[in-house]
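All residue numbers for the sequence shown refer to our numbering, where the first residue is 1 and numbers rise by one. Built from N, CA and C at the ideal position, the CB exists for glycine as well. None of these values were measured; they are calculated from a predicted model. Remarks on the structure that follows.
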Amino acid sequence: MNHPFNIKYTKRKNSIALKIANNQVTVLAPIGTTYFTINDLLNKKAKWIQNKIVTTKNQELKRNELYLFGQKQLINFYPAKQNYFSLTPDQQLEFYYNKQLSSLEIKFLFSKWQQNFAHKYILARTTELIKLTKLSPCKIILKQTTSQWGSCSATKNISLCMNLLYTKKTVLDYVIIHELCHLKEMNHSKNFWQLVEKFCPNYKTEVEWLKKHNFLIEYDKELAFSL
1 MNHPFNIKYT KRKNSIALKI ANNQVTVLAP IGTTYFTIND LLNKKAKWIQ NKIVTTKNQE
61 LKRNELYLFG QKQLINFYPA KQNYFSLTPD QQLEFYYNKQ LSSLEIKFLF SKWQQNFAHK
121 YILARTTELI KLTKLSPCKI ILKQTTSQWG SCSATKNISL CMNLLYTKKT VLDYVIIHEL
181 CHLKEMNHSK NFWQLVEKFC PNYKTEVEWL KKHNFLIEYD KELAFSL
C-alpha cells in the first residue's frame, strides 16, 4: 500500500484493526504481530482503505459548518444584544452574539439549542407518526447516544438519538417508524419489515442513506465554532 500508516501494538488477542481519521491510517495490532503480516493485510485492504480515506475527507467539517436535515451548511453569524442560535424558515442556522466568545462557549450554546430544538421537532414528528401508525409507546425518550439511532424496550418505551436532526427528514421518519413498529413486532421478522414498509414504502433507500452517513451519530465531536 502506498499510503503511509502508523502501527500501534495493543493487548488485542487475535485480530488486527484499522482506524482511519484525518487522512491517517493507524493499524491496531496484537503485540508480536510481524510487519510482514501487517503489510500483507494492508495490501489486501488497499482499495477499501483508499475508498475510506476519500469518504472520510468528504465527511470532514470546516469551522462553523454542520449537517442539518441531511444537508451540510455554514452557520451565519450576526452581532446582536444576546447570544443565541436561531433557525430561519428556509432552515438556515444562524448565531447571534453580543460579545467575543470562545469556541467552547459557542459549542455549549449550540448544544443547548440542539437539545431544545430536538425535543420540539423530533417529539412533534413522533406524535404525528403515532397518529399515522396508530402505534403508541408508553414513553418517548430523547437522548445523546453514539451507538444507536433508536431503540424500543420490552416495556414499550422508545428512545431516539438527538443527532437525528443531522439526518434527512425522510430518514428521521424511517427511524421513528422503525421503533414504533417494534411495539407490535419485537423482532426483525418478515412481518416486522412488512409493517415498516406499510408506513415507509421507501425504507430500503433510507436504510442505505443511514449506513453511508452513520458517522453523523458521533458528529458532535467534529463540530468547531469561532467568531
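Cβ-heavy atom distance, residue i to the ligand MN, below 7 angstroms
i	result
Q91	For the ligand MN, the structure offers nothing, since it holds no ligand at all.
Candidates the options: closest to residue i by CA position
i	options	result
K139	T133, S151, D220, Y121	S151
Q100	P79, F117, A118, F85	P79
H119	L132, N98, W149, C161	C161
CA-to-CA distance, residue j to residue i, given in whole angstroms
i	j	result
L210	I141	21 angstroms
K45	A17	11 angstroms
S159	D90	28 angstroms
Q50	K19	12 angstroms
S15	A29	7 angstroms
I38	K52	18 angstroms
F225	Q114	14 angstroms
V27	E218	22 angstroms
L164	F69	8 angstroms
Y96	I122	24 angstroms
Which residues DSSP lists as bridging residue i, in chain order
i	result
Y78	Y96
I20	V25
Q73	L66
G150	L160
Per-residue DSSP class, three states only, for residue i
i	result
F5	strand
F85	strand
I140	strand
Proximity below 8 angstroms, CB of residue i to CB of residue j
i	j	result
T167	L216	yes
Q92	N116	no
E185	L195	yes
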